[in-house]
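Before any comments, here is the structure.
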Amino acid sequence: MEKHVELNRIGLALTDYKGKPSTLCPGCGHNAISNQIQAAVWELGIAPEKVMKISGIGCSSKSANYFLDRSFGFNGLHGRMPTLATGACFGDPSIKILGISGDGDTASIGMGHFKHVIRRNVPMVYIIENNGCYGLTKGQFSATSDQGLRLKHQGVNILPPLDLCMEALISGAPFVARTFSGDVKQMKQLIKAALSQNGVAVIDVISPCVTFNNRDEALQSYSWGREHEAPIQDIAHFRSREEIQLENFAEGSYREVQLQDGSYLVLKKIDKDYDPTDLHAALDLLTESYKYHYFATGLIYFSGVPPTIQEKYDLPEEPLNRLTKDRLRPSRESLEAINATLY
Amino acid sequence: MLDSTQKLLQGDERIVNEVCVAICTVNGSGSATANSILYRSLFRMGILTSGKNIFPSNIKGLPTWFVIRASARGYTGRIAHDDVVVAMNSATIHKDVTYLQDGGVLFYADHLEKPEIKDKEVIVYPMPIKTLMKQVDAPRNLQTYMENMLYVGIVGQVLRIPEEILKATIEHQFQSKPTVAESNFNIVKLGFQYALENLEKKDHFYLEQLPELSDYILTDGNNAGALGALYGGLQFCGWYPITPATSLVESAIDQVDKLRKDPQTGKNTCVILQVEDELAAAGATLGAGWAGLRAMTATSGPGLSLMTENIGLAYFTEAPMVIWNVQRVGPSTGLPTRTAQGDLSMIYTLGHGDTQHVILIPGTVTECFEFGWRSLDIAEKYQTPIFVLSDLDLGMNTWVTKRFEYPNQPIERGKIIWEEKLEEFKDWGRYKDLDGDGIPYRTVIGNLSPKAAYFARGTGHDEYGNYSEDPENWSDMLGRIGRKLEGVVKDLPGPVIRRSKVEADIGIIGMGSTHDAMIEAQDILAEKGVNADYMRVRALPANSAVREFIASHARNYVVELNRDGQLEQILSLEVSEYSEKLISISVIGGLPLTAAWTAESILAKEKKGGKTR
Chain A
8 MEKHVELNRI
18 GLALTDYKGK
28 PSTLCPGCGH
38 NAISNQIQAA
48 VWELGIAPEK
58 VMKISGIGCS
68 SKSANYFLDR
78 SFGFNGLHGR
88 MPTLATGACF
98 GDPSIKILGI
108 SGDGDTASIG
118 MGHFKHVIRR
128 NVPMVYIIEN
138 NGCYGLTKGQ
148 FSATSDQGLR
158 LKHQGVNILP
168 PLDLCMEALI
178 SGAPFVARTF
188 SGDVKQMKQL
198 IKAALSQNGV
208 AVIDVISPCV
218 TFNNRDEALQ
228 SYSWGREHEA
238 PIQDIAHFRS
248 REEIQLENFA
258 EGSYREVQLQ
268 DGSYLVLKKI
278 DKDYDPTDLH
288 AALDLLTESY
298 KYHYFATGLI
308 YFSGVPPTIQ
318 EKYDLPEEPL
328 NRLTKDRLRP
338 SRESLEAINA
348 TLY
Chain B
652 MLDSTQKLLQ
662 GDERIVNEVC
672 VAICTVNGSG
682 SATANSILYR
692 SLFRMGILTS
702 GKNIFPSNIK
712 GLPTWFVIRA
722 SARGYTGRIA
732 HDDVVVAMNS
742 ATIHKDVTYL
752 QDGGVLFYAD
762 HLEKPEIKDK
772 EVIVYPMPIK
782 TLMKQVDAPR
792 NLQTYMENML
802 YVGIVGQVLR
812 IPEEILKATI
822 EHQFQSKPTV
832 AESNFNIVKL
842 GFQYALENLE
852 KKDHFYLEQL
862 PELSDYILTD
872 GNNAGALGAL
882 YGGLQFCGWY
892 PITPATSLVE
902 SAIDQVDKLR
912 KDPQTGKNTC
922 VILQVEDELA
932 AAGATLGAGW
942 AGLRAMTATS
952 GPGLSLMTEN
962 IGLAYFTEAP
972 MVIWNVQRVG
982 PSTGLPTRTA
992 QGDLSMIYTL
1002 GHGDTQHVIL
1012 IPGTVTECFE
1022 FGWRSLDIAE
1032 KYQTPIFVLS
1042 DLDLGMNTWV
1052 TKRFEYPNQP
1062 IERGKIIWEE
1072 KLEEFKDWGR
1082 YKDLDGDGIP
1092 YRTVIGNLSP
1102 KAAYFARGTG
1112 HDEYGNYSED
1122 PENWSDMLGR
1132 IGRKLEGVVK
1142 DLPGPVIRRS
1152 KVEADIGIIG
1162 MGSTHDAMIE
1172 AQDILAEKGV
1182 NADYMRVRAL
1192 PANSAVREFI
1202 ASHARNYVVE
1212 LNRDGQLEQI
1222 LSLEVSEYSE
1232 KLISISVIGG
1242 LPLTAAWTAE
1252 SILAKEKKGG
1262 KTR
């Protein structure tokens, strides 16, 4: 008997979204992210050819090779991923950009580019695979390592961490989320929501490094995350309003957010009212969660998407990289006219 | 005669259309407009002229000089002395007059302390600037600016620039604002009238109208480079401001709307984006080039240092991009507003590991236009970064140059393949050498074939882009990239050679903006009995014509604006079998080359028997 293969709405199987076999450590949080990325893109029915993956340097950035093999990819330089994305986004604006980065890549060497790519609103899903240490160079502190963290070779971290969601918020990101490699259900919904938007969407994924930074007391460990995770809402993404299944939600306990591609995100309240469209509430949440040692996850901030950098240039419908030569060279007469003015 | 006019003339002898005028002002005073009117008036008179702005790295208040050299013989390189000094700056007037020679002329604003002139005969014309200004109803904030317009009239009249020429130039300069043109001309006329009525002509310098320079235009290399890129189908420019490259991108910004609207839709076909630093400028440009856009950035030395890692990545991932380096004086911040040719060695193998880059070196403004479009073609054909090496003198000064010629070949996109073409290949791989020329076929984003995608990476990769640490694979990959770039030489502009009138056993070799000084030096040497052929190298790696030139001369003097003789060093390696035939003549102080210094340096070496080392 033929095995039934589930296909998405464009007729592709999940295997069409696979990447190369991962060479990361078994149990690495990043592998969970790779899996959720391919599941999210598959479920949304986006063709892999309509996605490009751009990454920097580090374990996280290597992982861009481990999903979506049929998507173009560029594994560039340490910290410079956003710059490649900035140029590449003009080639064909219909191609979704997945930016894959880590805490070393984004919070240290690439912090300037991170903030400027947000400021420019380059349409991309910017995923930070945040493990609070340098894995590929074998266990140094990163700028998101908690103060007081003890690592095998480095001793005790004397510096406080940077919060990348906070940095994204104050740089003007219209979509900021935090999630956890140990909460793949939430992660997938957030990735789907981010891919349904057209501006820059930042997802800070706390993703344990099982080899160098997974002691129970470490902020980015599995056990700390599982014990302290406090989702701010239950999240479900639906392709259309008709598909929204509300049977589990009590009246007044949820809010719907329409995304730019017409799909919907349903956010169900958990304990207290949290308004993800309130920037101040978002900043308070992050401040408090660090202060009181809980791990707030979910859609932290969501606002109307300002015009993307591409939209500001009034580009033709047809992708720039497909324009024929005759549309790129001005006329002979125009050059004669210029010559005639230069005296 | 080493320089143009050194002898003291008698009576009514005239020196016609051979004069070097230095206008000494304070920067930020608006003198650029005044100087430009004088300079452009000479062009309008049909006289071959150069105008060099020697300016400080400062916005307001420091000394600045504008040097106009008119030459009936067509020599427009810098000369080290001045025939005429127009002194408007009290801070420099005493030094400025020391550049005058016997027979020289001094115009000075008579409210400044009159300088003492020793041991030479100089004709002095005081300019009662402040007195004349009393007749002008100028707003307070425009006072200094207007004073500059007065010297235009006075100097113009004494040197015999016709009043109607000055008028036409001013009207052209302010063509969109007729009332501004009129008020400016009225002040110029006031100065002109004053000189006519009060200054008796005692000097020997005369400007005379010649037939129109109809094949020529007046513009700077940065504008030319920008236009060249726009006509070359530029689609993306990521950049960050830096002197002296800024005006290249700003020229493109000024003209992109007019030139690059899609004829079919009226939408923009070229994106120019200022980013956060040069790291991002190079990264964005590389990203665009990788994504299938014709991409360029422009910078100068310090910016190039920051761009290095991305350029190495472009080289190894084989993504096309063009990098303009408008050179200034380094190392470090150096002299940001002075000219040099000191980045050649750095660029040639820029980046860590084995690299080798292609460099185009324009020597005229017209070539800046040509290399502007050609560089984009070469970058896409060979899938590699291409450098265009200009400098401040060429880029920021306004030159009399040949009219821009429309590109004589269609846009070259190289081996980009889309869905249909990809189907023709049985076993395509992004880095597979299918044609034996080292150049693989390239897919770009948006190609919807399930076979089109590849994973570009700066790490070791095989022919399909897959990660590889295999020693043989690494050596094959880098070997192919090297082979690919051997082929590029046939598509690079060959050297320009100007032969001596009689057979010469000496060669003189230069590059870039020193061209005019080199031609003049060649002629001076001939007058001194030293016949030399001149070659201007226009690209690296060098082609066989460069090799043959070097081989066919007993001695080749390589002249350049840097400390270490970088072109001489590179040629010594490239044409190593003749390296003993190369002699370095180099100078670095931030100023353009002079023919006199060049000729003297070569003569001195020749006197010592032309020993090469």
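Keeping their order, the protein sequence lines are chains A and B. For the first sequence, the working numbering begins at 8 and goes up steadily by one. For the second sequence, the working numbering begins at 652 and goes up steadily by one. Think of the CB as a built atom: it goes at the ideal place given N, C-alpha and C, for glycine as much as any other residue. Owing to the predicted nature of the structure, the values given are computational and were not obtained by experimental measurement.
In the displayed model, HIS1112/B falls within a strand according to three-state DSSP. A Cβ-Cβ contact shorter than 7 Å links LEU864/B with GLY697/B.
In this chain, CYS921/B is not harboured by any beta strand (DSSP E), its DSSP state being neither H nor E. Taken through DSSP and simplified to helix, strand or coil, GLN227/A comes out as coil. The beta carbon of VAL1016/B does not come within 7 Å of any beta carbon belonging to chain A, so the residue lies off that interface.
Rounded to the nearest angstrom, the gap between the Cα atoms of SER1203/B and ASP1142/B is 24 Å.
For the beta strand (DSSP E) assignment, the uninterrupted runs of no fewer than 3 residues enclosed by the segment 12–66 of chain A are, from N- to C-terminal side, 58–62. Note that the C-beta distance between TYR891/B and ASP928/B is below 7 Å.
Taken atom to atom, the span from the alpha-carbon of TRP1079/B to that of LEU1136/B is near 21 Å. The criterion of a C-beta distance shorter than 7 Å is not satisfied by PRO895/B and VAL806/B. Membership of TYR308/A in the beta strand (DSSP E) is indicated by the continuous run 302–309.
Per DSSP, the unbroken beta strand (DSSP E) holding PHE887/B starts and ends at 887–890. Judged by DSSP secondary structure, THR1017/B falls outside any beta strand (DSSP E) and instead within the alpha helix (DSSP H) spanning 1016–1033. Contact between LEU944/B and ASN961/B does not hold, since the beta-carbon distance rounds to 15 Å and is not under 8 Å. Counting along the chain, ILE998/B sits inside the alpha helix (DSSP H) bounded by residues 995–999. With a cut-off of 8 Å on Cβ pairs, the segment 1236–1246 of chain B is in contact with the segment 982–1000 of chain B, counting three or more such pairs. In this structure LEU84/A does not touch GLY1111/B by the C-beta definition: roughly 15 Å separates them, more than the 8 Å allowed.
In this structure, the straight-line span from the alpha carbon of LEU169/A to that of LEU292/A is close to 15 Å. Nearest CB-CB separation between LEU1001/B and chain A: not below the 7 Å threshold. If you draw a straight line from the Cα of SER228/A to the Cα of ALA150/A, it is about 16 Å long. Within a 10 Å sphere around the beta-carbon of PHE1076/B sit fewer than 16 other beta-carbons, which makes this residue exposed. ASP733/B is bridged by DSSP to LEU751/B. Under the Cβ criterion of 7 Å, ASP913/B is counted among the residues facing chain A.
Inclusion of GLY305/A and ILE213/A in the CB contact set at 7 Å is not warranted, their separation being larger than that value. ASP190/A has a beta carbon lying at 7 Å or more from every beta carbon in chain B.
Under the three-state reduction of DSSP output, ARG1206/B falls in the strand class.
Here the alpha carbons of SER687/B and LEU290/A stand approximately 56 Å from one another. With a threshold of 7 Å between beta carbons, ILE53/A makes no contact with chain B.
At the C-beta level, GLU1257/B and VAL1139/B stay beyond 7 Å of one another.
In the structure shown, LEU1011/B falls within a strand segment according to DSSP collapsed to helix, strand and coil. Taking 7 Å as the cut-off, the beta carbon of ILE1062/B is found closer than this to the beta carbon of LYS332/A. By the beta-carbon neighbour count (other beta carbons within 10 angstroms, threshold 16), TYR271/A is buried. About 19 Å separates the beta carbon of ALA723/B from that of VAL809/B, a gap too long to meet the 8 Å contact definition. Between the segment 1008–1019 of chain B and the segment 907–924 of chain B, the count of Cβ pairs shorter than 8 Å is below three; the stretches do not touch.
Taking a contact as a CB-CB distance under 8 Å, the pair ILE730/B and CYS671/B counts as one, their CB atoms being some 5 Å apart. For LEU869/B, the enclosing beta strand (DSSP E) has its first and last residue at 867–871.
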